[in-house]
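Colleague: Residue 185 in UniProt numbering is what sits at position 185 of the sequence shown, and the numbering runs on without skipping anything. The C-beta atom is built at its ideal place from N, Cα and C for all residues, glycine as well. Submitted below is the structure of interest, expressed as structure tokens.
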Amino acid sequence: MSLVRPPAVAGTFYPGQASVLLNDVTTLLTQARPGANLREPAPKALIVPHAGYIYSGATAARAYAELAGGRASIQRVVLLGPVHRVPVRGLALPGVDAFATPLGRIEVDQDAVAAIAHLPQVVVSRAAHAQEHSLEVQLPFLQAVLDDFKLVPLAVGDATPAQVAEVIEALWGGDETLIVISSDLSHFLPYGTAQAVDSETVQNMMQLNSSITHHQACGGTPVNGLLQAARQHHLQPELLGLCNSGDTAGDKSRVVGYAALAFRQELSDVQISH
Numbered sequence: 001m002s003l004v005r006p007p008a009v010a011g012t013f014y015p016g017q018a019s020v021l022l023n024d025v026t027t028l029l030t031q032a033r034p035g036a037n038l039r040e041p042a043p044k045a046l047i048v049p050h051a052g053y054i055y056s057g058a059t060a061a062r063a064y065a066e067l068a069g070g071r072a073s074i075q076r077v078v079l080l081g082p083v084h085r086v087p088v089r090g091l092a093l094p095g096v097d098a099f100a101t102p103l104g105r106i107e108v109d110q111d112a113v114a115a116i117a118h119l120p121q122v123v124v125s126r127a128a129h130a131q132e133h134s135l136e137v138q139l140p141f142l143q144a145v146l147d148d149f150k151l152v153p154l155a156v157g158d159a160t161p162a163q164v165a166e167v168i169e170a171l172w173g174g175d176e177t178l179i180v181i182s183s184d185l186s187h188f189l190p191y192g193t194a195q196a197v198d199s200e201t202v203q204n205m206m207q208l209n210s211s212i213t214h215h216q217a218c219g220g221t222p223v224n225g226l227l228q229a230a231r232q233h234h235l236q237p238e239l240l241g242l243c244n245s246g247d248t249a250g251d252k253s254r255v256v257g258y259a260a261l262a263f264r265q266e267l268s269d270v271q272i273s274h
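What follows is the structure, given as structure tokens:
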């Protein structure tokens, strides 16, 4: 009998009814991609926010819309997000066979799990995943934009950027593997202050500067790990969207920041046929 991690925040962070959820996600993706500007190859990595869809869904959709060209080729998604409820040392696998959302099940990639199980920073914690929203809110978007893929879900706790980068490196693969980092930006600052802080944070990300603090981004640890790996692999970052909850569905006195970034191979690293 297979172990399935059921949805924990369906009906709160995003709609719990499949038809409503699919309609909402499809609408967000359509609005994010007004023209048929399919760019290939698809990004190797994304940084996306993880708040409720009314707050950050439009920003996340800007990143996921970039995957249209990789719908058939991407077969594995390495998804890393910070723990919010249960502390954990290292990077925690869920110890389950699949994750469920209202849109269906996503199988966990057991080959990938086996490939990183020997690393000392990789642990198993079903508790860390049970109520964690940072990974779950990404799943309906992935189910909408990709055909058939398997998941490597990692809840990131107390770890160094180098430890995160080592895990990402072990799972890097080729065009079949997408890396998604789930992170919001600053939390509960006044609107104008947040704009200034988040702008500086994004500039650091664009420069692949892997010294993002948790005050700048709640997912600073997995973000820094990706930025370290991105430097190693000469990825080119692109800012797709930047806003905060004061721009979407919240008041401006205490806001949370959201950014969407895509990371692609530099043109010099991509084979171009004439």
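Buried or exposed: where does T193 fall if 16 or more other Cβ atoms within 10 Å of its Cβ makes it buried?
Modeller: Exposed.
Colleague: Going by the beta-carbon positions, is the gap between G81 and I181 smaller than 9 Å?
Modeller: Cβ atoms of G81 and I181: closer than 9 Å.
Colleague: Look at the alpha carbon of A45 and the alpha carbon of L154, and state the distance between them as a whole number of angstroms.
Modeller: Going from the Cα of A45 to the Cα of L154 covers about 15 Å.
Colleague: Checking 9 Å against the spacing of the C-beta atoms, do A51 and S245 come in under that value?
Modeller: Contact: yes.
Colleague: Does the distance from the C-beta atom of D198 to that of L227 stay below 9 Å?
Modeller: No, they are not a contact pair.
Colleague: Could you tell me which whole beta strand (DSSP E) segments of length 3 or greater appear in the stretch 134–181?
Modeller: Listed in chain order, they are 150–156.
Colleague: From what residue to what residue does the beta strand (DSSP E) around A229 run?
Modeller: Not the beta strand (DSSP E): A229 falls in the alpha helix (DSSP H), residues 220–232.
Colleague: Quick one: Cα of L171 to Cα of V78, how far?
Modeller: Rounded to whole angstroms, L171 to V78 spans 8 Å at the Cα level.
Colleague: On the DSSP letters alone, give me the boundaries of the alpha helix (DSSP H) that E200 sits inside.
Modeller: It spans 191–206 - the alpha helix (DSSP H) in which E200 sits, taken as one unbroken run.
Colleague: Can you tell me where the alpha helix (DSSP H) with L103 in it begins and where it stops?
Modeller: Note, L103: premise wrong, no alpha helix (DSSP H); not H, not E.
Colleague: In three-state terms, what does DSSP make of A36?
Modeller: Residue confidence is low: A36 scores 46 on pLDDT, short of 50, so the model does not pin down where it sits. Its coordinate-derived value is still stated next. Of the three classes helix, strand and coil, the one that applies to A36 here is coil, per DSSP.
Colleague: Which first and last residues belong to the beta strand (DSSP E) in which A51 is found?
Modeller: Unbroken run through A51: none, as it is neither H nor E.
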